[in-house]
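Student:
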Amino acid sequence: MGQKHAKDSELVQSRIETLVNKSKEAQDLNEDLADIEKKRERASNKNDAFRDLKNKISETREQHQKLDTWSDYASRMDLEIPKDNISNLESDVERELRSLTSKGWDDFDDATAVRDVITKFENHRERFRELTSTVRETVQDDVTEELDSVDRTLTLLQIPDIGDNEAYETCRNYQYFLNKLADGKPRDDITPEKWESHHDKFHELSIDLGDDLTGDAKDVIWSLLEDETVTLAEIDEAVLDDLKTFKEFSRRLSIQFTTNP
Amino acid sequence: MSTIYPKNWDAEVVDKYITQEAQQKNRDEFEKTHVPINRIRVKENKAFDTWSNEAESLVSEDIVLETVTKSTKKDTNRLFFVVGESGSGKSELCQWLDYQIQDETATADDDEFAHKPILIPRHIREPREVVELLTEDLEGWDFEDAKYLRDLPMEGIYREVTGKIINRFKGSQEATVNFLKDDAFESKVRSNLETYVDAFDDPDASVSFEPIEQDELGSLLEKFPDVTREHEHHQVEPSEYLYREIKTGATEAVSDMLSAGDIRDILRDIDEAFKSQNRRPVLIIEDLTGFTVYDHQVLSFFSDLGTAHFDVVIGVTTGVHQNVIDQRRADVASQDTIDDRIQARLELTEDAEDGSGSRTLFLQQENVHIDLARNYLKAIKEDSDIEYQPSLPRGQSEDDIEESFGNWLYPFNREFLDRIYHNLQSKNVTKQTPRIYLNFVISELLDNQNPPFEHAEKLKQRLGNIDNRLDPNYNGPDEQVLKWYGTDEGEQYTVNAEIPHSFDIDSDGRAPTIGGFEEICPECSAGINVTGEKWTFPECGYEHEDGPSLSGTFTEQRNELLAWVRGESDFNQTSNIEDGAQRIITYFFDKPNSLRIPGCRSSDAAYLRWTKGSDRVPIHVRNADQPSYTQIELTRDMNQSILLDLLRIGVWEDTDLRSLERKDNINLEQLREWANNAVTDLRKDLEMDIKETYGVTLDEVALFGKYLLNVFSGNGTEFNAETLARPVSQRAISQVYTRTDFGGNVKSLKDNLELYNGLFHARFHLRRNMVEHDRLEDAIASLDLEQLMIKIRNIEGKTTGFKIGETRRESTDLDGFLKSNSYNIRGLARDINEYDEVYADDLSAARSDLTKLHDSLQGMNSSLDLSGLEDAYKPLGRPKPDVLDEISALDDEELDDYLEDLSSVVNRARDCESVWEFLDIQRDVGRMKYSQWSEIHSALSDFVDELDTVEQDLKNTIKELEEEAFDPDKTPYEGVRTESQKLVSELGEDL
């Protein structure tokens, strides 16, 4: 028994020792765990910055899309915009983006490094916004003229026997689009393609002034429609009488005369 | 075989003498055969003052004559009853009195006062004949118109009787009248009347005028309670009242029909007539039974003392007519019974000594039966007056015959007649009356062509076994002659050689007897042969005066025993020989019906007995029957001297056996051998009964029971003598099988340990600590354990009488022990057998648990350094458990013992191959867990579990910590990249 004990005791004691060793290992691991917690905090801060960066890029992108839209209107209206400025800015941004995407998560030391990039993109967005304002205002100036033209045409169309419903609808649709742009709040359904289509339809309108008017009278009306300056003195008495029979026109004409002494 | 033998008498003469009533013989014939009746017992005496034996109240016939006839002319009625069995001599005495009084009458002068007898013989039964006889000497009486009962039409009697009976009751007694008209009553009366009337056609038939027996009436009335209520106001019981009324009505009816007048008028007339003649009538009625319709009237007349001046002697047959007299009031005006009014009751018979039957007093007169036979033989031979036919054998003279047989006694001798007389019986009851005796000797034997000894053999049913001490082994041609005619001289029977010679039988006149003796001296226990009631033993001087002696019992039963041994008859009076056998057996064996092995003196041995209804040793005397249960049998082919010794020992039950042996009265050594064999055979038979009933022997039950104790108490599972012999203790048996599929109730085994152990001791122990080793080995050698278990499991059947218990008081039926759940030996066999099929699963689980524990504890000792282990709990975030302290506190020696025990159990579990071994192992497991090592086992098990837990917890902890390496979430950055690429793409379009 004694001999057996001596041999066996190695087994049970060794098991206990194994357990003690494991316990030490566990203690070491516990200490490591404290460092990891710090890293995790830093990583969390960095990730918060990445989330902000993503939002900032997203805002920049939205702003660029607005610029792109107003630029499209300007182009369709054949308006002058600062294309070089725009193009330069776009190149800067693209370069910045390529630099950003060429790095990994670890390439950013900490949140501060990320926040530097955020600042840059904030600048880019601001510049896109300024350019957007410039282009939008140019477009809206043009839109104001177009609205006057549409308004005159609609006045003419109020004269009986002049124009038809289709012409009226074309004017109203174009007017709707123009008002939206004038407000500076083009909606999703207000796109440059549609605007252009309504523009073209409006300018292609052919309005028949009937057989009751003389040729001269019709020319005066067209001049008025074309927003050309017409003075009463220049109008022949006969023509004027003729126009006076044109009930709608006379009412308009009185206005013209009232406002243009 | 039949032997023609010489006769010198005529068969017709024999008939004449033997078939006649006493009264029918003429006076000469009567006097030739009459033997004085000198032993008559007087009771209810108011007349006798002379005695032949005053102490016994005995008188002779002469004193009776003197007393009956000492009346004077003026004396009122004097009534004497002569009571006795039928054939006991009532008629003989009446006839003798008649003759003697006739002589007085004849010798008296006309003017001289004298008695005059009027005898009504037994055969006079017709009322008309009775009144004719009574009025024989009277004038003025004419019964020409009277009718004979035998001539009356049955239907007429019936109607008259039932009409008279009904008329005795008032119409208001409706229930009674309805009862009397009921079929149940009428058919009973009709049947009894038919029997009564028919009896007159048969002179030998007994006549009894009973319209309905009182018992019959009582039974009928139970079904008619209203009738009883109508008669509750009488002074006697309703049934008694009705009986009397019915009898009276019936008697009146018959009397009226017979027109024989009123017998009381006749008696009064006789009284007057005799008085005028200076004579006093002595009315002698042989048998009141024959008086039929007049019995009540006659008794009423004579018991009214003032009515007349008669001396009346009335014969009454014992039992038959006693109810007419017993307790009967003499008259309505007095509380006196008839017995109060009689002068005396003269009894001719008394109860036999053995209490069954009766004997005639006068036949106890010395030699009276010899004299009676001699008188008849002499009268017959003289009356016949013929030569011997065929003639006597050559060389034998008439004188030789007279000398050898005794005067006039041929073809009998004194011994022959003694034997006949002493054995007379009727329906197996002693009945010694002169009529039976004479009928047997004279009518049956004398009147038969075969010699009396041959014919008597054929009539032995009427005699019982003749006292016969001839050696049953003796087979000589003269055996029967010696048996009947021989004289017992102790060692031999002798007979005058002329007697066998006269029957042409070759004989030297002697044959050996069984010897021995018939009495044992109460003083010195010596065996002797004595005759008579008074004797003195010559050696010690003991005097036996009188009183009960056992020799009579012994000789009677010895005789029956010998007849049984000879094959002549059954042996019925067996209680004494059975007592003797029991006495001998219990002398040599304390407990002969014990089923403990011989020599068993173990104080632990169970009470194990065969007690069929009592503690007596069951002894059966084998006649033609078989005992209904196992007993020691006494058979007729047994050694004769043993049988006689057993009988002797049974009869002299108060005499010490050693004393009997010292005096050579018994052969104790021979009896010891017999007892040995008898008890051995009895036990063998009993054990065989058990085996045949239950399919298992007592030894097998004992072995299996002990084996169960061994297994469940930790004595081991080896089925060998050494292991089975180990003692067991109740404490060692534990029930530790609840966590297994074993369903056996070990508690019943534990509760009955003493009984199980006791049975084993009873069968295999000599002393408490001494085993009958060879027997045990032999018993085991032929047994296979599995087969034994199946035998016990299959116990069925039932036999009763075997008892088993720790003590006698606590004993129970062996049947119950074998089968009931409270003892459960069969139940355990069944449960273990069933468990045998499935125990492997439990074994596997136990093996696994034990091995794990065992392996985990390799190297365990109390000096283990557990300090480092305590640190192991820090990373686990919990304190160290108490078990670590418990382990540190363990006693090293105990720990060693436990580990050694555990190691042993583990090894056994590993090697276990049978259900028995597993049950044994499981028991040890239980012991470790719950009793002997419970604390240390619990601590170590907890310690091992704790080590496992700690190990696992540490492992888990380490793994968890290792998995905690820094692995940041990169998703937000991915979002940046995606968004950037979108923008790049849009820019690209523009650019």
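The listed protein sequences correspond, in order, to chains A and B.
Each residue of the first sequence is one higher than the one before, starting from 2 at the first, in my numbering.
Each residue of the second sequence is one higher than the one before, starting from 2 at the first, in my numbering.
Yeah, the Cβ is synthetic: ideal placement off N, Cα and C, and Gly gets one too.
In this text the structure is predicted, and so the values were computed from the model without any measurement.
Which residues of chain B have a Cβ atom closer than 9 Å to the Cβ of A/Lys-40, listed in chain order?
Tutor: Per Cβ cutoff of 9 Å: Phe-967, Pro-969.
Student: Exposed or buried, B/Tyr-295, counting other C-beta atoms within 10 Å across all chains shown (16 or more means buried)?
Tutor: Looking at its Cβ environment, which holds 16 or more other Cβ atoms inside 10 Å, B/Tyr-295 is buried.
Student: Could you pull out every residue in the same chain whose Cβ sits closer than 8 Å to the Cβ of B/Ala-940, ignoring the five residues on either side in sequence?
Tutor: Only Val-884, Glu-887, Ile-888, Leu-891 meet the Cβ criterion.
Student: Expressed to the nearest angstrom, what Euclidean distance is found between the alpha-carbon atoms of A/Leu-158 and A/Gln-176?
Tutor: C-alpha separation (whole angstroms): 14 Å.
Student: What does DSSP give as the partner residue(s) for B/Trp-611 in the beta ladder?
Tutor: Its beta-bridge partners are B/Phe-803.
Student: What is the DSSP secondary structure of A/Thr-260, reduced to helix, strand or coil?
Tutor: The predicted position of A/Thr-260 is uncertain, since its pLDDT is 39 and thus under 50; no value can be drawn from it.
Student: Any C-beta of chain B sitting closer than 8 Å to the C-beta of A/Lys-23?
Tutor: Chain B contact via Cβ: present.
Student: What residue range does the beta strand (DSSP E) around B/Phe-82 cover?
Tutor: From DSSP, the beta strand (DSSP E) with B/Phe-82 extends over 79-85.
Student: I'd like to know whether the C-beta atoms of B/His-766 and B/Ala-607 end up nearer to each other than 8 Å.
Tutor: No, the pair does not count as a contact, with Cβ atoms beyond the cut-off.
Student: Excluding the five sequence neighbours on either side, which residues of its own chain have a C-beta within less than 7 Å of the C-beta of A/Val-115, listed in chain order?
Tutor: Around A/Val-115: Lys-47, Ala-50, Phe-51, Leu-54, Phe-109.
Student: Checking 8 Å against the spacing of the C-beta atoms, do B/Arg-160 and B/Glu-246 come in under that value?
Tutor: Their beta carbons are not under 8 Å apart, which means B/Arg-160 does not touch B/Glu-246 by this criterion.
Student: Would you say the segment 901-921 of chain B touches the segment 846-854 of chain B, given that touching needs at least three Cβ pairs under 8 Å?
Tutor: Touching, yes.
Student: Mapping DSSP to helix, strand and coil, what is B/Trp-142?
Tutor: Looking at B/Trp-142 - three-state DSSP - the assignment turns out to be coil, as it is neither helix nor strand.
Student: If you check the beta carbons only, do B/Asp-384 and B/Val-14 fall under 8 Å apart?
Tutor: Yes. Within cutoff.
Student: By how many angstroms is the C-alpha of B/Leu-609 removed from the C-alpha of B/Leu-760?
Tutor: Answer to the nearest angstrom: the Cα atoms are 8 Å apart.
Student: So does the segment 300-307 of chain B actually touch the segment 74-81 of chain B, counting three or more Cβ pairs closer than 8 Å?
Tutor: They touch, by the three-pair rule.
Student: Can you check whether the C-beta of B/Pro-973 is within less than 8 Å of a C-beta belonging to chain A?
Tutor: Output row for B/Pro-973: interface = yes.
Student: Would you verify that the beta carbon of B/Glu-987 is, or is not, closer than 8 Å to some beta carbon of chain A?
Tutor: Taking Cβ atoms only, chain A reaches closer than 8 Å to B/Glu-987, which makes this a yes.
Student: Check whether the Cβ of A/Glu-26 lies closer than 8 Å to any Cβ atom in chain B.
Tutor: Yes, contact with chain B.
Student: Comparing C-alpha positions only, which one of B/Thr-801, B/Phe-406, B/Leu-373, B/Asp-682 sits nearest to B/Ile-437?
Tutor: The residue with the shortest Cα to Cα distance from B/Ile-437 is B/Leu-373.
Student: On the three-pair Cβ rule with 8 Å, is the segment 93-109 of chain B touching the segment 272-292 of chain B?
Tutor: Cβ pair count under 8 Å is three or more, so yes.
Student: Any Cβ of chain B within less than 8 Å of the Cβ of A/Ser-280?
Tutor: Since the first and last residues shown for chain A are 2 and 262, residue 280 of chain A lies out of range.
Student: Please return the same chain residues whose Cβ sits closer than 8 Å to the Cβ of B/Val-985, not counting the five positions on each side in sequence.
Tutor: Correct list: empty, nothing qualifies.
Student: Contact defined as beta carbons within less than 8 Å: I believe B/Leu-289 pairs with B/Ile-315. What is the distance between those atoms, to the nearest angstrom?
Tutor: Yes, B/Leu-289 and B/Ile-315 are in contact; Cβ-Cβ is about 5 Å, under 8 Å.
Student: Who are the near neighbours of B/Val-496 in its chain, counting only those whose CB is closer than 6 Å to its CB and skipping five residues on each side?
Tutor: If we look at B/Val-496 and ignore the five residues flanking it on each side, its Cβ neighbours are Leu-483, Tyr-486, Gly-487, Gly-510.
Student: For the alpha helix (DSSP H) that B/His-621 lies in, which residues bound it at each end?
Tutor: First-last for B/His-621: 620-622, but that is the beta strand (DSSP E), not the alpha helix (DSSP H).
Student: Measuring CA to CA, which of B/Ile-805, B/Ser-915, B/Asp-954, B/Ser-942 is closest to B/Pro-876?
Tutor: Among B/Ile-805, B/Ser-915, B/Asp-954, B/Ser-942, the Cα nearest to that of B/Pro-876 is on B/Asp-954.
Student: Taking the beta strand (DSSP E) that B/Pro-282 falls in, what are its first and last residues?
Tutor: Its beta strand (DSSP E) spans residues 280-286.
Student: Is it right to say A/Leu-34 is buried, meaning 16 or more other beta carbons lie within 10 angstroms of its own, or is it exposed?
Tutor: Exposed is the call here.
Student: With burial defined as no fewer than 16 other Cβ atoms inside 10 Å of the residue's Cβ, what is the status of B/Gly-85: buried or exposed?
Tutor: It counts as buried.
Student: If you drop the 5 nearest sequence neighbours on each side, which residues of the same chain put their C-beta closer than 6 Å to that of B/Tyr-6?
Tutor: The residues are Pro-452, Phe-504.
Student: Are at least three pairs of beta-carbons, each pair with one atom in the segment 394-409 of chain B and one in the segment 450-467 of chain B, less than 8 Å apart?
Tutor: Cβ pair count under 8 Å is below three, so no.
Student: Output the distance between the C-alpha atoms of B/Ile-158 and B/Val-132, rounded to the nearest integer angstrom.
Tutor: For B/Ile-158 and B/Val-132, the distance between alpha carbons rounds to 20 Å.
Student: Can you check DSSP and say which residues form a bridge with B/Trp-536?
Tutor: B/Trp-536 pairs with B/His-545.
Student: Could you tell me the boundaries of the beta strand (DSSP E) in which B/Ile-315 lies?
Tutor: 312-318 is the span of the beta strand (DSSP E), which, as asked, contains B/Ile-315.
Student: Taking only beta-carbon positions, decide if B/Ser-932 is within less than 8 Å of chain A.
Tutor: No, its Cβ sits nowhere closer than 8 Å to a Cβ of chain A.
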